[in-house]
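Beneath this line is the structure, given in structure tokens, with notes to follow.
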Amino acid sequence: MPKLKLELELHDDIITAMKSKDSLKLSVLRMLKSAVQLAQIDKNKEDSFTEEDFFVIVRRLIKQRREAAEMYISGGANERAKLELEEAKILEVYQPAQMSDEDLAKVVAETASQLAVSGPKDMGRLMGKVIASVNGQADGNRVKNQVQTYLSSLA
65 MPKLKLELEL
75 HDDIITAMKS
85 KDSLKLSVLR
95 MLKSAVQLAQ
105 IDKNKEDSFT
115 EEDFFVIVRR
125 LIKQRREAAE
135 MYISGGANER
145 AKLELEEAKI
155 LEVYQPAQMS
165 DEDLAKVVAE
175 TASQLAVSGP
185 KDMGRLMGKV
195 IASVNGQADG
205 NRVKNQVQTY
215 LSSLA
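In this text, residue positions in the sequence shown follow our numbering: the first is 65, and each later residue adds one.
Okay, here's the thing in structure tokens:
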């Protein structure tokens with residue numbers, strides 16, 4: 065069964081973390097590997113497992129870490145929040161390159177003109193199309209902010 069380049073890179077990074085005795089990185093990378101393997105088994109698609117499937121898992125794990133950090137901060141557990149954010153930073157290496165704000169603004173404007181949006185009531189339609197077109201190269205919150213900025217400029 066063929067493995068993705070990202071899976072091979074992950075395997076190599078796990079070995080490197082073991083050799084350097086970096087327990088935090090090793091723990092996070094093992095968690096990622098486990099999540100990938102579980103997704104492959106759940107969907108029974110080891111042969112058709114794509115880079116996009118891998119990126120979806122990485123984005124989900126990063127989002128979980130950031131949400132947990134917010135909850136720890138609100139509960140006063142700043143050290144635990146810091147650890148969650150460090151874990152998210154380790155996972156970010158496995159994401160596609162992120163789109164610049166200028167490029168994201170262009171995508172929003174182009175998509176809005178294609179959809180002929182007229183105001184804030186079109187936010188849902190515009191968000192859906194933009195998120196699909198950026199294909200993981202921009203965080204959902206960044207997309208939301210750009211879309212809101214664009215729609216408010218129409219008013």
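We treat Cβ as the ideally placed atom computed from N, Cα and C, and that holds for glycine.
These figures come from a predicted structure and were not determined experimentally.
Please list the terminal residues of the continuous alpha helix (DSSP H) segment that includes residue i.
{"i": "residue 169", "result": "165–179"}
{"i": "residue 214", "result": "204–218"}
{"i": "residue 128", "result": "115–138"}
{"i": "residue 155", "result": "142–156"}
{"i": "residue 112", "result": "Looking at the DSSP string, residue 112 is not in any alpha helix (DSSP H), and its letter there is neither H nor E."}
Going straight from the alpha carbon of residue i to that of residue j, what length do you get?
{"i": "residue 112", "j": "residue 94", "result": "22 Å"}
{"i": "residue 108", "j": "residue 205", "result": "31 Å"}
{"i": "residue 216", "j": "residue 81", "result": "47 Å"}
{"i": "residue 244", "j": "residue 170", "result": "Residue 244 falls outside the range modelled here, since the chain spans only 65 to 219, and no answer is possible."}
{"i": "residue 183", "j": "residue 194", "result": "16 Å"}
{"i": "residue 87", "j": "residue 77", "result": "12 Å"}
{"i": "residue 156", "j": "residue 185", "result": "33 Å"}
{"i": "residue 132", "j": "residue 191", "result": "25 Å"}
{"i": "residue 100", "j": "residue 163", "result": "24 Å"}
I'd like to confirm something about residue i: is its beta-carbon nearer than 6 Å to some heavy atom of the ligand HEM, or not?
{"i": "residue 217", "result": "Looking for the ligand HEM in the displayed structure turns up nothing, as the structure carries no ligands at all."}
Indicate the three-state DSSP secondary structure (helix, strand or coil) for residue i in the structure shown.
{"i": "residue 85", "result": "coil"}
{"i": "residue 161", "result": "coil"}
{"i": "residue 67", "result": "coil"}
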